[in-house]
Amino acid sequence: MRLLLCAVHRALFIQSRHLEHAAEMGLTRATLQRGMGLMELLLAVVLGMALLAGLGQLLAHSLPLQQSLVVQAERQEHMALLNHLWGELLQGAGALGCLGTADSVVNFLNTPWSALGLLAPLPGVEIIAQPTTAPLFASIRDLAEDSQALVVRGYGAPRAMLSEDLAGERGRAILSADDSRINSGDIVMISDCRRASIFSATSTRHSGGYVRFSWQAGEGALANSDHGLTQDGAVSSATLALSEPGFVEGAGLYAPTSSLIYVAESRLSSAERPIYALWQKTLGANALELITGVERLYFRYGAWHPDHGGVIGYFDAEHLPDDAQVLLLSILVNVSVFDDQAETTNEAVSFSMSFSVPLSGN
């Protein structure tokens, strides 16, 4: 730039001397100039280079701004998606039909309450502080080492409604939807607003939007026993119920909606660049990758317990009081932004988001 200014200055000097000489010879400026003069040419070059330098600076500053806008857009997209997703994932937590408590739920399966796993109706949500060592997650590979996980339990999928009272060891129910089915061997819960029972449906037969089913006893772990047990050990020998009268017309039949929520390596992950994602594994289904880039989950219970006249607070998984009533779940999510080639952006790639989700079924 300094050289160009010197050249312009010298050109102006030369041109002024040239004009003085021309004046002495009686020539006018119009006679001398027939096109763009040297001064105009040099000025145009200088202005063009100054413009190019300015545009270069503008482009150089706009690239970080563009990257920042991309990251902000990714954050908003993840926030909106996760905000909607947590409500969906926890929708069936602790669902027991219209039953408000699990005290009168009877387990008619040969499997004891302590071994029911995802088939247990409660707790509706269970924080797993170390999923890498938890039995329920033993079959899941590549779990994130420093992330917590969540077990969601409940019977929140309506399948049918009794169309008549139970008689003997058979029942008849109208299906809830055209694609609803209850097949032999399916674990279902029959529930009204007073009690519920978990059993294995046997000898099912579908016809005209109805299903007939029974609950014969068997030998397998998920087959029916000849009696049922509540969580506190009460024994039932009545027809699928803790006491007479049994279930009558209008009682609902529900399928389990239990699932595991965890962080594990994404399908995009490689040995050179490990990438993590939020996953869901629903009972009886394959694992589903929900959101790529989720690296860590941390949960706390929002609960009420009766000490000192009633206290509401947040509790870690290890410190939840036995008599506490869980009302909501506090969730902290760590996310990294990835582009289509699974490469992080050049800006700070990680950010955190927090959510509080009410648990209506608990």
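All residue numbers for the sequence shown refer to the working numbering, where the first residue is 1 and numbers rise by one.
Beta carbons are placed, not taken as given, at the ideal position from N, Cα and C, and that holds for glycine.
Remember, it's a predicted structure, so these values are computed and weren't measured experimentally.
In the DSSP annotation of this structure, the continuous segment of the beta strand (DSSP E) that includes Glu265 starts and ends at Ser259 to Glu265. Around the beta-carbon of Pro112, fewer than 16 other beta-carbon atoms lie within 10 Å, marking it exposed. Contact check for Gly97 against Ser191 passes: the beta carbons are separated by less than 9 Å. The alpha-carbon separation between Ser259 and Tyr276 amounts to approximately 19 Å. For Gly310, there is no enclosing beta strand (DSSP E), as DSSP gives it neither H nor E. Residue Phe199 holds the alpha-carbon nearest to the alpha-carbon of Val188 among Asp178, Phe199 and Met49. Looking at the DSSP output, Met189 bridges to Ile198 and Tyr254.
With respect to the C-alpha of Ile261, the residue from Ala196, Ala93, Arg170 and Thr202 having the closest C-alpha is Ala93. For Glu289, the enclosing beta strand (DSSP E) stretches over residues Ala287 to Thr292.
A straight line joining the alpha-carbon of Gly246 with that of Trp215 spans about 14 Å. Only residues of its own chain outside the window of five on either side were considered, and among them Leu118, Pro256, Ser258 and Ser259 have a CB closer than 7 Å to the CB of Leu283, listed in chain order. Leu359 is positioned such that its CB atom lies closer than 9 Å to that of Leu90.
Per the coordinates, the alpha-carbon of Val326 lies some 42 Å from the alpha-carbon of Glu272. Residue burial annotation: Ile312 is exposed, with fewer than 16 other C-beta atoms found within 10 angstroms of its C-beta.
Of Lys281, Val263 and Arg267, the smallest CA-CA separation from Leu332 is found for Val263. With distances taken between CA atoms, Arg212 lies nearest to Leu175 out of Val235, Val335, Ala223 and Leu175. Looking at the DSSP output, Leu96 shares a beta bridge with Cys98 and Tyr155. Rounded to the nearest whole angstrom, the CA to CA distance from Gln130 to Ser350 is 22 Å.
Around the beta carbon of Gln148, 16 or more other beta carbons lie within 10 angstroms, which makes this residue buried. Between Leu253 and Arg170, the C-beta gap is not smaller than 9 Å, which leaves the two residues out of contact. In this chain, the beta strand (DSSP E) harbouring Glu126 covers Val125 to Ile128.
Distance from the CA atom of Asn224 to the CA atom of Glu289, rounded to whole angstroms, is 34 Å. Secondary structure of Pro135 (DSSP, three-state): helix. Leu150 is not a Cβ neighbour of Ile182, given a cutoff of 9 Å. Around the CB of Glu126, 16 or more other CB atoms lie within 10 Å, so the residue is classed as buried.
9 Å or more divides the Cβ of Leu328 from the Cβ of Gly310. Counting along the chain, no beta strand (DSSP E) covers Trp113, and no H or E run does either. If you look at Gln280, you'll find it in the beta strand (DSSP E) that goes Tyr276 to Thr282. Here the alpha carbons of Ser163 and Ala173 stand approximately 5 Å from one another. In this structure, Arg296 is the residue among Ile291, Asp178, Arg75 and Arg296 with its C-alpha nearest to the C-alpha of Ala144. In the DSSP assignment, Val106 falls within the beta strand (DSSP E) that extends over Val105 to Leu109.
By the beta-carbon neighbour count (other beta carbons within 10 angstroms, threshold 16), Asn107 is buried. Just so you know, the alpha carbons of His78 and Thr239 end up roughly 49 Å apart.
Taking each of Gly228, Pro121 and Ala138 in turn and checking the Cα distance to Val152, the smallest one comes out for Pro121.
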